[in-house]
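See below for the structure under consideration.
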Amino acid sequence: MIVHQTEPITLVGGAAVCSAQLKRARAIAPAIVAADGGADAALAHDAMPVAVIGDFDSISEDARRRIPQVAQHPIPDQDTTDFDKCLSNISAPLIVGVGFSGDRLDHQLAAYSSLVRHPWQRCILLGREELVFLCPPALDLPLTSGCPVSLFPMGAVEGRSEGLRWPIGGLNFAPDGRIGTSNAALGPVSLTLTAPKMLVILPEATLETVARRLIATPARWPDRAPQ
25 MIVHQTEPIT LVGGAAVCSA QLKRARAIAP AIVAADGGAD AALAHDAMPV AVIGDFDSIS
85 EDARRRIPQV AQHPIPDQDT TDFDKCLSNI SAPLIVGVGF SGDRLDHQLA AYSSLVRHPW
145 QRCILLGREE LVFLCPPALD LPLTSGCPVS LFPMGAVEGR SEGLRWPIGG LNFAPDGRIG
205 TSNAALGPVS LTLTAPKMLV ILPEATLETV ARRLIATPAR WPDRAPQ
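What follows is the structure in structure tokens.
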């Protein structure tokens, strides 16, 4: 691991980052790590990363001059994305990612795939209107009635729910079969999943609630992080 933090961290990617997003993320996770070109986005908002991780094909020369050499961690691997490299090399109770959605759909889909490949990480990807995270084995969310809840399977998975307008118990989910988008909360929601394959998509306004619940939830998927 390159980064060891006992507090949540904000991970900045190379897509567009607005000041409001970064401010909200840093209120939860003050320390910043940048994924390659995300270093330029961080510096543009007067935030100095404690580490930059990636293959360094996007970071500018200006950013490389301004960021201390000891904080730069190039990994010349073309078989994984910069987000993958970060998730493989960060130890923290929660990661709040900004700058990973909105610019390019292929990069956004790759980021969702990375969430599933690193199920031991607690990571929220914050967009302009929505947030996305991999559901742990069990999760309670104090949502309000009518709050949109979408569940998107990235592989075969089953589960149970309480508090959803359309319960998921007894259903077999798969990306090429049944999906769980356009559901809604009736109030507080409880989810239990059989595998680390289900993405939860909620309005961005729930960021603080989701962050608190993920940090407080003891149930975790098995640690398969590199040793």
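Residue numbering for the sequence shown follows the numbering used here, beginning at 25 and increasing consecutively. We put the CB at the ideal spot given by N, CA and C, even for glycine.
The alpha-carbon of V213 is positioned some 32 Å away from that of H28. D70 and V76 have their alpha carbons spaced roughly 15 Å apart. Between the region 154 to 166 and the region 51 to 68, the count of Cβ pairs shorter than 8 Å is below three; the stretches do not touch.
For the options M178, G126 and A162, the alpha carbon positioned closest to that of G151 is the one of G126. Between the alpha carbons of V94 and P73 lies a distance of about 11 Å. Listed in chain order, the beta strand (DSSP E) elements of length 3 or more contained wholly in the region 105 to 180 are 119 to 122, 147 to 150, 154 to 158, 162 to 165 and 172 to 177. Using a C-beta cut-off of 8 Å, the region 203 to 221 makes contact with the region 167 to 187, since at least three inter-stretch Cβ pairs fall below that distance. In the three-state reduction of the DSSP assignment, S84 falls in the coil class, being assigned neither a helical nor a strand state. The residues T34, V120, V122 and L150, in chain order, have a CB closer than 7 Å to that of A49 in the same chain once the five nearest residues on each side in sequence are set aside. Pairwise C-beta distances place the region 234 to 245 out of contact with the region 171 to 183, as fewer than three of them are shorter than 8 Å. Beta-bridge partners of V234 (DSSP): none assigned.
Just so you know, the alpha carbons of I99 and P160 end up roughly 29 Å apart.
Proximity of the region 189 to 206 to the region 136 to 143 falls short of the contact definition, fewer than three beta-carbon pairs being nearer than 8 Å. The bridge partners DSSP lists for G78 are P98.
Less than 8 Å divides the Cβ of A116 from the Cβ of P32.
For a cut-off of 8 Å, the C-beta gap from L215 to A180 is around 17 Å, too long to register as a contact.
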